[in-house]
Amino acid sequence: NTFTITGHAETKQLTEMLPSILNQLGADSLTSLRRLAEALPKQSVDGKAPLATGEDDDDEVPDLVEIFDEASKND
Numbered sequence: 045n046t047f048t049i050t051g052h053a054e055t056k057q058l059t060e061m062l063p064s065i066l067n068q069l070g071a072d073s074l075t076s077l078r079r080l081a082e083a084l085p086k087q088s089v090d091g092k093a094p095l096a097t098g099e100d101d102d103d104e105v106p107d108l109v110e111i112f113d114e115a116s117k118n119d
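So for the sequence shown, our numbering puts the first residue at 45; every next one is plus one.
Written out as structure tokens, the structure reads:
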């Protein structure tokens, strides 16, 4: 099956959509959602989740350790 969705995209907060989502969930899904919400860490005031321990905010690409072109030259 293939679906095409067209139209104007809207950005909404989850709290705005939650009532309609909850109406579509069954009892098992509600229980799973409740457990997931309790397990998630509290977000900070600026809306970003806190960094995990040992995790730095580094977006640099790491250096390659191996030279992949050498393997193809040997064939």
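Positions of the beta carbon are idealized from the N, C-alpha and C atoms, including for glycine. All values derive from a computational prediction rather than experimental measurement.
Query raised in the report: From what residue to what residue does the alpha helix (DSSP H) around Leu155 run?
Result: An answer regarding residue 155 cannot be provided, because it is not within the stretch 45 to 119 covered by the chain.
**Report entry** N- and C-terminal bounds of the alpha helix (DSSP H) containing Pro63
**Finding:** Membership of Pro63 in the alpha helix (DSSP H) is indicated by the continuous run Leu58 to Gln68.
**Report entry** DSSP three-state assignment for Glu110, whether helix, strand or coil
**Finding:** Glu110: coil per DSSP, three-state reduction.
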